[in-house]
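In the numbering used here, the protein residues as written are 9 to 84. Cβ coordinates follow ideal geometry from the N, Cα and C atoms, glycine included. Remember, predicted model here, so these are calculated numbers, not experimental data. These notes are about the structure you will find just below.
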């Protein structure tokens, strides 16, 4: 679940922030096409660390409710 942190009680569910997509791994990088109920865009990132155990990426979606941009990271 994703949240819109502008909500009056701290946060509220915002379904336009639920993204889905498919992509490819190419060497140490990733690229994915994303869609949501508000538009479409891409996510790009790279694997880092020993044995590619960490990931850092950015995303952007443009559509009817404006632009959503951000970043994320993950590790094993």
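Next item on the list: Quick one: measure Cβ to Cβ for residue 92 and residue 71, integer angstroms, because I've assumed they're closer than 8 angstroms.
Entry: No answer is possible for residue 92: it lies beyond the span of the chain, which begins at 9 and ends at 84.
Next item on the list: Kindly list the residues whose CB is nearer than 8 angstroms to the CB of residue 29, restricted to its own chain and excluding five residues on each side of it in sequence; keep chain order.
Entry: If you ignore the 5 residues before and after residue 29, its C-beta comes within less than 8 angstroms of the C-beta of 40, 41, 42, 43 and 51, all in its own chain and listed in chain order.
Notebook entry, point to check: Taking all protein chains shown into account, do 16 or more other C-beta atoms lie within 10 angstroms of the C-beta of residue 49, making it buried, or fewer, making it exposed?
Noted result: Residue 49 is buried by the Cβ-count criterion.
Margin query: Can you tell me whether residue 8 is helix, strand or coil according to DSSP?
Written below: As shown, the chain starts at 9 and ends at 84. That puts residue 8 outside it, with no answer to give.
Notebook entry, point to check: Is it right to say residue 27 is buried, meaning 16 or more other beta carbons lie within 10 angstroms of its own, or is it exposed?
Noted result: By the 10 Å Cβ count, residue 27 comes out buried.
Notebook entry, point to check: By DSSP, does residue 80 sit in helix, in strand, or in coil?
Noted result: Reduced to three states, the DSSP call for residue 80 is strand.
Checklist line | CB of residue 83 within 8 angstroms of CB of residue 54, strictly | finding: The Cβ atoms of residue 83 and residue 54 do not sit closer than 8 angstroms to each other.
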